[in-house]
Amino acid sequence: MQYSRSMYHDKIKYYLYALLISLNLYGQEKEEDEKKSLLWGLIKFNNKSNYEDGYWVNKWIFNQEFSAPINRIPVEVRYGIGFDGKTAGSILNIDTNSFVQDKSNIKYEENIEERINQRWENIFGSSIEIDFGLINVPYYVTGTSWMNIMTGLSYRQSNLFNPSKVPVDDWSLDSSDWNKSAYFSPKLIEYMLTTHIQYQPFSTWYLNLRYSYGLANAKFYSSLEEKELQDNPKGKGTSVSGAIGLRYILDPGKLNRFTVGFDIRRSYTKIHTIIDPGEQTPINSFILPNWGIYFTLSAFYGGKKTSGDIAKKQYYKKEYIGSLKTFKTFISEYPSHANRYRADEYVAECEYKIPYQIMEEGIEFEKKAKTQKALEKYMFAKSLVKNDSIIYRKLNKRIDQIAIFWLVEAENFLNKGSYYQAYNLVKVVAEFSERGQRELRRFKSWVVLSEGKAYQEAGFIGKAMKTYSEALKLNADLIYEVKSLQYKAGVQMANLANKADEFEEIQLAIYSLEYARDLSGGIGSRNEKLLVQLKSKLESHDQYKTRILIDKKMNIGRIKQEIARSEKLKIGQTIPQVQDLLGEPHEKIFRGKGENTKEQLWVYFMLNKTLHLTFDDYQLFKIEEL
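Residues 12 to 637 (this note's numbering) are what the sequence shown spells out, left to right.
Structure representation (structure tokens):
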């Protein structure tokens with residue numbers, strides 16, 4: 012097969028396009044896949060990670076960002092051990108001198124010189140504390156919660172293990188009826204308003220901050236023998252405390268759940284009012300600053316992980332498509348969640364990054380020479396791009412590369428004479444590439460040209476000549492191929508012209524000889540004489556056809572006159588009567604799969620119409636002209 016010069020130019024052009032784009036894309040991939048290095052390349056590591064940037068921060072700090080709020084804590088019980096005082100010295104050298112009580116915390120009357128001496132063994136004690144009715148007020152008021160803030164009531168009771176002795180003799184209280192063995196043994200009963208602030212980085216535990224403020228009642232004298240606190244004197248005051256601790260969730264999957272944990276607690280209780288009707292004590296007020304470690308047990312509702320937490324894990328594992336779907340589920344399930352705005356941000360990030368993810372999948376297919384699957388990925392990714400010119404350009408380059416590779420392959424098909432394969436491949440390219448659209452006419456022209464050659468080889472010269480003209484209209488560069496084939500066809504028809512008898516054959520022979528003469532500048536005297544003979548034969552043949560046509564029309568007129576003079580169709584005529592008038596129909600149709608002969612439809616095909624006759628019980632009851 013011979014090609015035109017333009018065809019070779021097109022082929023070279025596409026090879027160059029493919030080479031340039033391949034080099035460009037290879038450079039991009041090499042830059043993207045470049046490994047970072049330290050110490051001038053002695054140490055190398057891959058800069059690609061299986062996780063999204065910020066994975067570890069979110070894992071350790073914002074793990075439960077989209078969890079459901081904890082809405083209720085019916086009860087939390089704490090038991091702790093602590094001391095009323097302060098620490099002194101280094102934490103690396105703890106001894107009995109490390110825990111002290113400031114003597115100034117107890118205020119006396121002016122004439123008292125001897126004071127209660129509280130050593131380290133006298134300031135340790137225990138307490139039990141109960142929080143109840145804690146509810147998430149922001150959640151119930153606004154329907155959402157930026158943080159789990161629980162508010163409720165608290166009851167606390169505390170006492171000392173080994174109270175210090177009171178110097179009763181040195182105080183010389185005339186009105187006192189104390190036993191000689193009296194001890195400073197403050198027992199506190201506190202009623203407080205309590206607030207918990209919770210931060211939950213993981214599903215199994217959370218950090219708990221606690222603040223309480225309320226009223227305190229104190230009995231502070233006892234006898235060693237009786238070990239009972241005296242009702243008088245007693246005191247009243249205020250108490251404030253704060254704590255920080257951890258809560259471990261025992262059964263994170265249930266609706267009502269339980270926790271165990273611990274707190275480090277600091278409190279400050281000031282008994283500023285002493286009630287002493289018997290004037291038994293010179294103490295005017297006292298302060299109990301307490302440090303303690305508390306073990307906790309609680310029950311709560313809420314705080315479960317949501318689809319938003321699952322979606323975020325998917326996001327940081329670079330599963331953007333799944334993450335987007337799951338985030339949309341979360342938004343529909345929790346439209347008023349406190350971190351709804353963060354979910355919207357993640358949705359936008361997923362929509363931005365999904366095209367990149369899909370493009371990477373396409374690149375992997377392309378590396379495996381699976382260009383069809385790669386193209387599908389690129390086109391899908393392109394349909395999802397939103398306001399990102401960078402990824403849009405990258406995808407277009409990838410798509411353009413596949414288009415050029417396939418066009419080169421189509422050129423190879425042309426070279427092998429596989430015109431239909433080449434054209435079908437270009438049709439596919441035209442669906443996604445302007446290059447393919449521009450080349451579609453050229454490749455189609457070769458298909459049309461091949462059809463003309465097939466007509467010519469089969470002897471349909473006229474059809475071939477017409478097809479060559481169509482091919483030339485599609486691709487002007489085929490002029491040399493078309494002229495050569497048309498000349499051969501003209502010469503071929505000249506050789507067959509003497510055998511032409513039919514009207515159409517004579518016309519085609521004349522056309523072929525005249526076209527051959529125009530192409531070559533002459534067909535020789537012999538063929539010129541033949542051309543004259545064919546024209547004369549055509550004229551005679553045309554006169555003959557005219558006479559045949561006139562006779563045919565006259566015969567039709569005679570038939571119509573005979574029908575007009577004959578008995579006409581009437582409703583009620585029987586089948587034999589209709590047969591006598593019109594003869595056998597062209598088609599008969601029986602009702603019920605041919606079983607019922609009483610009901611029939613006769614069809615007559617006439618010149619410009621169709622006649623339908625319907626019979627019921629062998630009689631004509633309906634006449635239709637269509």
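Positions of the beta carbon are idealized from the N, C-alpha and C atoms, including for glycine.
If you're wondering where the values come from, they're calculated on a predicted model, not measured in any experiment.
Around the beta carbon of A193, a 10 Å sphere encloses 16 or more other beta carbons of the protein chains shown; the residue is thus reported as buried. With 16 or more other Cβ atoms from the protein chains shown falling within 10 Å of its own Cβ, I285 counts as buried. Sequence-distant partners of P178 (beyond 5 residues in either direction) whose C-beta falls short of 6 Å from its own C-beta, in its chain, are E125. The C-beta of V440 has 16 or more other C-beta atoms within 10 Å across all chains shown, which makes the residue buried. Within the same chain, and ignoring the five residues on either side of L395 in sequence, the residues whose Cβ sits closer than 8 Å to its Cβ are E362, I365, P366, I369. The beta carbon of K499 sits closer than 8 Å to those of Q467, all from its chain and outside the five residues before and after it, given in chain order.
Residue nearest to Q241 within the set S78, S214, Y222, S196 is S196 (criterion: CA-CA distance). Its Cα nearest to that of A487, the residue R453 stands out among R453, K464, N61. Shown here, K118 sits in a strand according to DSSP, grouped into three states. The region 315 to 327 makes contact with the region 353 to 361; the number of CB pairs closer than 8 Å reaches 3 or more.
In the structure shown, Q241 adopts coil according to DSSP, grouped into three states. According to the DSSP assignment, A487 belongs to no alpha helix (DSSP H), since it is labelled neither H nor E.
Closest option to R89, judged by alpha-carbon separation, among L542, G289, G303: G303. For T153, the number of other beta carbons within 10 angstroms of its own is below 16, and it is reported as exposed. Every beta strand (DSSP E) stretch that sits fully inside the region 240 to 299 and reaches 3 residues is listed by chain position as 245 to 260, 267 to 286. Residue pairing by DSSP places S233 opposite Y194, L240 in a beta bridge. Residue pairing from DSSP places W216 in a beta bridge opposite Y259. Pairing W131 with V111, the inter-Cα distance amounts to about 6 Å. Taking a cut-off of 8 Å on C-beta distances, the region 328 to 346 does not touch the region 373 to 384, as fewer than three cross pairs fall below it. S138: member of the beta strand (DSSP E) spanning 135 to 147, first to last residue. For R353, the enclosing alpha helix (DSSP H) begins and ends at 351 to 378. A distance of 8 Å or more separates the beta carbons of Y202 and Q211.
When the Cα atoms are used, L335 and P80 turn out to be separated by approximately 23 Å. For T337, the secondary structure class from DSSP, reduced to helix, strand or coil, is helix. In this structure the region 272 to 287 lies against the region 295 to 314, because at least three pairs of beta carbons, one per stretch, are closer than 8 Å.
Looking at the backbone, the Cα of Y629 and that of K579 are separated by about 18 Å. Under the three-state reduction of DSSP output, Q412 falls in the helix class. In this model, F443 and I160 are separated by some 57 Å (Cα to Cα). For R602, the uninterrupted beta strand (DSSP E) run begins and ends at 598 to 602, by DSSP.
Ranked by Cα distance from A385, the first of I402, G253, R602, R409 is R409. In the displayed model, D627 falls within a strand according to three-state DSSP. In the displayed model, D591 falls within a helix according to three-state DSSP.
Within the same chain, P212, F213 come within 6 Å of N74 by CB-CB distance, once the 5 residues on both sides are set aside.
Boundaries of the beta strand (DSSP E) around T162: 159 to 171. Per DSSP, F73 is not a residue of any alpha helix (DSSP H), being assigned neither H nor E. The DSSP-derived three-state label of R126 is coil.
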